[in-house]
Every structure is written in structure tokens, then in C-alpha cells.
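Report on one structure; see the data block that follows.
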Amino acid sequence: MKISLRYCYIVGMLVLLLSDPLFSDLLTGHAPEEDLGPHPAHTFTLVYTRLFALLSVVLSVLYYRYLHGMARGIFWATVVATALLAAESYWFYDTPMVYPHVFQKLLILFAIPAFYGFYARVGRITLADLIPLIWVALALNLVLVNSDVLSLGAFLAHNRGLYASSAYLLMLPLLYHFNEYLAGRQTRHLLLFFLAALAIFFFQHRTVWVTSALALVLNVVLVTRAAPRRLGGAAGPLLLGIPLLAVSLAASFILVSYPEVLDKLAANFSDIENHSTQGTGSWRVLQFESYWPFVEEHPILGMRLAGFELPVQFYNPESNQPFFEDGHGHNLHSFYLETLFYFGGVGLVLFVLPHLAVMRQLLQRVPVAPEALTWAVLIVTNLVYAYSYCLPSFFLRLHRVWAAAYPATDASAAA
8 MKISLRYCYI
18 VGMLVLLLSD
28 PLFSDLLTGH
38 APEEDLGPHP
48 AHTFTLVYTR
58 LFALLSVVLS
68 VLYYRYLHGM
78 ARGIFWATVV
88 ATALLAAESY
98 WFYDTPMVYP
108 HVFQKLLILF
118 AIPAFYGFYA
128 RVGRITLADL
138 IPLIWVALAL
148 NLVLVNSDVL
158 SLGAFLAHNR
168 GLYASSAYLL
178 MLPLLYHFNE
188 YLAGRQTRHL
198 LLFFLAALAI
208 FFFQHRTVWV
218 TSALALVLNV
228 VLVTRAAPRR
238 LGGAAGPLLL
248 GIPLLAVSLA
258 ASFILVSYPE
268 VLDKLAANFS
278 DIENHSTQGT
288 GSWRVLQFES
298 YWPFVEEHPI
308 LGMRLAGFEL
318 PVQFYNPESN
328 QPFFEDGHGH
338 NLHSFYLETL
348 FYFGGVGLVL
358 FVLPHLAVMR
368 QLLQRVPVAP
378 EALTWAVLIV
388 TNLVYAYSYC
398 LPSFFLRLHR
408 VWAAAYPATD
418 ASAAA
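Rendered as C-alpha cells:
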């Protein structure tokens with residue numbers, strides 16, 4: 008029996024998406040954010056990430072002849088970096104891969120040539136294919152795994168259910184439906200855009216709030232530059248008027264019935280405004296101060312394998328005990344801090360090259376196709392999210408290939 012190519016695409020997309028807890032929690036259950044102990048979710052993430060890194064290496068080699076430009080450059084840069092790290096491991100530890108945790112962080116770069124080659128050989132996976140899977144997974148997750156978060160009590164208790172990476176994944180439908188609505192003025196996309204915005208707001212990941220707001224502002228600026236007619240007519244009044252009306256009605260109802268909700272929102276916005284002294288932002292500042300001296304001591308190439316051996320430097324000021332156990336990595340909550348700590352300035356440049364390429368393309372030509380514009384905005388604002396979190400595995404594996412491929416995609420879509 009002949010298997011439909013579409014089903015093969017669905018399997019391929021699920022392989023990518025299972026790296027995010029929004030999908031993997033459907034198999035393993037949800038591990039609380041503060042729980043770093045043994046849990047099927049943690050085991051799955053560890054094994055899956057390493058298997059996927061290996062798959063990326065295999066695909067990079069298999070599709071090497073289809074690589075061009077940045078994809079081929081990153082392939083060879085990662086090969087050289089991995090070889091040097093393996094040589095260091097063999098020289099000092101008599102084994103070519105003494106700490107897979109460190110190698111895994113480097114090998115993930117092979118995702119760029121791997122999926123660039125796959126894209127060139129087999130065909131691209133479009134957002135029209137991805138977005139429905141995200142919506143279905145969100146619905147199943149909230150019904151089967153995190154049903155307890157859909158309540159006012161959970162909101163007030165800051166019981167978010169979804170991890171930050173899963174809330175950030177919702178930026179894909181947010182931007183996609185926004186751009187599709189501007190291009191086609193279909194009510195369906197307008198309603199789904201508002202639904203994505205509401206979901207991001209409800210799950211209270213303040214970093215995702217800020218990133219989403221900046222992404223929408225950047226999106227509007229780029230549309231104004233590339234296709235200003237899309238903002239004409241009723242687009243502006245609907246995009247602004249409906250939220251203002253909904254917020255006004257909701258605020259009036261909440262003010263009378265649930266005044267504590269307004270106090271909770273005020274506390275959230277206060278944490279954003281005073282991120283260095285309040286909320287989880289102060290926790291990140293303390294972690295940054297704990298590890299920055301080691302970054303300053305190894306600014307060019309980082310600590311690499313020695314960094315994994317270093318005892319945890321992040322201590323609870325109240326108990327004077329480390330926040331995490333030694334031997335499991337440092338759980339650094341910033342892409343910039345983690346990359347500089349392990350691989351220095353050279354590693355940081357290598358990791359952000361795809362983002363810089365997109366910025367250069369945006370200065371030269373803004374993409375017109377809604378899908379290409381969505382990816383461009385997401386990739387650029389990814390650097391904002393990276394301030395507070397390590398980059399999600401899903402985006403490391405899929406969206407970075409678009410940093411190299413989206414200009415051509417936009418041209419073909421607009422043709």
C-alpha cells in the first residue's frame with residue numbers, strides 16, 4: 008500500500024516537535040518547573056536531544072552535496088570545532104567524548120546543514136503544515152496533562168503548566184495568523200491570532216510577553232516598509248479595536264468580581280519593569296554574577312570541557328547551598344551566558360550567524376510572503392528571548408535552517 012507523502016511529512020514534523028514539552032509531555036507527563044529530580048520527562052529530553060544531535064550529523068553528511076552558502080560554511084565550522092573539542096578530550100582524558108553534555112551543545116549546530124539539505128532534497132515543511140499540529144498539541148496538553156492550570160486559582164497562584172519554551176512556541180501561530188490575516192483578510196486568521204495572543208498572556212511567561220510584543224511591533228514596521236497596503240482598510244481598526252474592547256470589558260468585569268487579578272497583573276508588570284531586582288529576573292542576575300568571572304577569564308574559546316567539571320557556582324543566598332547538583336551541567340538560564348561560558352566569543356558568533364544573516368537580508372529586502380515574514384521576525388526576536396532562556400530545542404533544529412533559506416523561499420512564494 009502506497010503511503011501518502013503528507014503522512015511522511017506529519018511524522019517528520021512530529022520528530023521535530025517532540026523536542027518541546029508541549030508535545031513530549033503527552034507521552035511522559037509534566038515535570039514541575041522547579042523539579043529537577045528523576046522524572047520520565049527529563050529522561051526523555053536527555054535521550055531525545057542526544058539522538059537528534061546524532062541524526063543531524065548523519066543528515067548533514069548524507070545531504071552534503073545539497074548544501075550551499077551559509078549552510079555549508081556552518082557545516083565545516085562545526086566539523087572543525089567538534090574535531091578540536093574531541094582532540095582536547097582525547098589529549099586530557101584519553102577518550103574522544105568525555106562529557107557528552109558539552110558535545111551535545113555544539114553538535115546541535117549540525118541541525119542547520121541537516122535540514123537545509125533535507126529542505127533542498129525533499130522539500131520544505133511549511134507553516135501551514137506545522138501550525139495545526141501546534142494547536143492540536145496545545146488542546147491535548149491542556150485537556151490530558153495540564154487541565155488544572157485552566158482556572159482563576161491557577162492563574163493567581165502562578166501555576167503556569169506550560170514551560171517557557173512551549174509558550175514561546177505559540178509565537179509561531181501568533182505571527183503566522185497575524186501575517187496571513189493582513190495578506191488575505193480572512194476572519195479565521197484574525198480569531199486564531201487573538202486566541203494565540205490570549206494563550207501567551209494567560210501562561211504568564213513574562214519573557215514571552217516582551218518577546219511577543221517586540222515581534223509584533225517589528226512585524227508591523229516591516230509590513231509598513233514592504234507592503235503598506237496590507238495595513239489599510241479595516242485591518243488596523245480590527246487589530247486594535249477588538250483587543251481594546253475585550254480588555255475594557257474584561258477589566259470592568261474583573262474589577263468588580265475578582266480584584267485580585269488586577270493585583271496579580273500589576274505584580275507581573277512590576278517584575279518586568281524591575282527585572283533585575285524582582286521575580287525570576289533577580290534570580291537570573293544572581294546566576295549571571297556567579298558565572299561572569301569565568302567568562303571574563305576565558306573570553307575567546309570559553310571553558311569547554313573544564314566548564315562541565317567546574318562545581319556549581321550558583322548558590323542560594325539564604326541557605327548558602329548550591330541551587331543545582333554537580334555533574335549535571337550548570338542549568339544556565341541564558342543563551343548568551345551559557346554559550347560564552349562553554350565556547351566563548353567564537354562560539355557565540357558561530358551560534359548567532361543565522362540571526363545576523365536574517366538581519367542583513369531584512370536591511371536589503373523585506374520578505375513579502377506571510378510565511379517568510381513570520382520566520383524572519385521570529386528569528387530576529389529569538390535573540391530577545393535568548394536573554395532569559397537557552398534557545399528552545401525546536402527552534403535550534405528547525406527555524407535556523409530558515410535563516411539560510413527564507414530569502415529564496417520568499418521569492419518562490421511571491422512568484
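Read in order, the letters of the sequence shown are residues 8 to 422 in the working numbering.
Glycine included, every Cβ here is placed at the ideal spot set by N, Cα and C.
Nearest in C-alpha terms to ASP270, of all of ALA164, GLY36, VAL22, ILE141, is ALA164. Look at THR231 here: in three-state DSSP terms it is helix. By alpha-carbon distance to THR56, the top candidate from ASN148, TRP382, LEU24, PHE122 is LEU24. The continuous alpha helix (DSSP H) containing PRO107 extends over residues 107 to 114. Boundaries of the alpha helix (DSSP H) harbouring PRO361: 342 to 371, taken from the DSSP string. In the DSSP assignment, ARG79 falls within the unbroken alpha helix (DSSP H) covering 76 to 100. Straight-line measurement puts the Cα of TYR188 at about 31 Å from the Cα of LEU360.
Assignment of PHE321 by DSSP, reduced to helix, strand and coil, places it in the coil class.
For GLN294, the secondary structure class from DSSP, reduced to helix, strand or coil, is helix. Inclusion of VAL109 and ARG311 in the CB contact set at 8 Å is warranted, their separation being smaller than that value. Here the C-alpha atom of LEU134 lies approximately 9 Å from the C-alpha atom of THR381. Per DSSP, the continuous alpha helix (DSSP H) segment holding ALA204 begins and ends at 194 to 209. The residue from GLU332, PRO306, GLU303 with its alpha-carbon nearest to that of GLU316 is GLU332. With respect to TYR126, PRO28 sits apart: the two C-beta atoms are not nearer than 8 Å.
Out of THR214, ARG372, ILE119, the CA that lies nearest to the CA of VAL391 is found in THR214. ASN226 and ALA364 have their alpha carbons spaced roughly 17 Å apart. Burial is judged here by how many other beta carbons sit within 10 angstroms of a residue's own beta carbon; SER172 has at least 16 and is buried. For VAL384, the CB contacts under 8 Å within the same chain, skipping 5 residues up- and downstream, are LEU182, ALA222, LEU225, ASN226, LEU229 in chain order. Judged by DSSP in its simplified three-state form, ILE307 adopts coil rather than helix or strand. Here GLY124 is buried. Its C-beta has 16 or more other C-beta atoms within 10 Å. DSSP places MET178 in the helix class (H, G or I) of the three-state scheme.
Between the segment 345 to 353 and the segment 293 to 303 there are three or more C-beta pairs closer than 8 Å, enough to call the two in contact.
The Cβ atoms of HIS337 and VAL319 lie closer than 8 Å to each other.
Closest in C-alpha terms to THR35, from the list LEU198, SER395, THR52, comes THR52. Measuring C-alpha to C-alpha distances from ILE207 to each of TRP142, MET366, GLN193, ARG192 identifies TRP142 as the nearest. Across the structure, GLN294 and ALA88 are spaced so that their CA atoms are roughly 27 Å apart. Taking a cut-off of 8 Å for Cβ pairs, the segment 110 to 119 and the segment 60 to 73 touch, as three or more such pairs fall below it. DSSP, read as helix, strand or coil, puts ASP27 in coil. Taking each of ALA376, ILE386, VAL217 in turn and checking the Cα distance to ALA234, the smallest one comes out for ALA376. Close CB contacts of GLU378 within its chain, under the 6 Å cut and outside five residues either way in sequence, are with LEU134 (chain order). Sequence-distant Cβ neighbours of THR102 in its own chain, meaning closer than 8 Å and more than five residues away, are SER96.
If you ignore the 5 residues before and after ALA144, its C-beta comes within less than 6 Å of the C-beta of LEU29, PHE30, all in its own chain and listed in chain order. Taking the Cβ atoms as the reference, LEU177 lies roughly 12 Å from ALA146, outside the contact range of under 8 Å.
The three-state secondary structure of ARG72, taken from DSSP, is helix. Taking a 10 Å sphere around the C-beta of ALA94, we find fewer than 16 other C-beta atoms and assign the residue as exposed.
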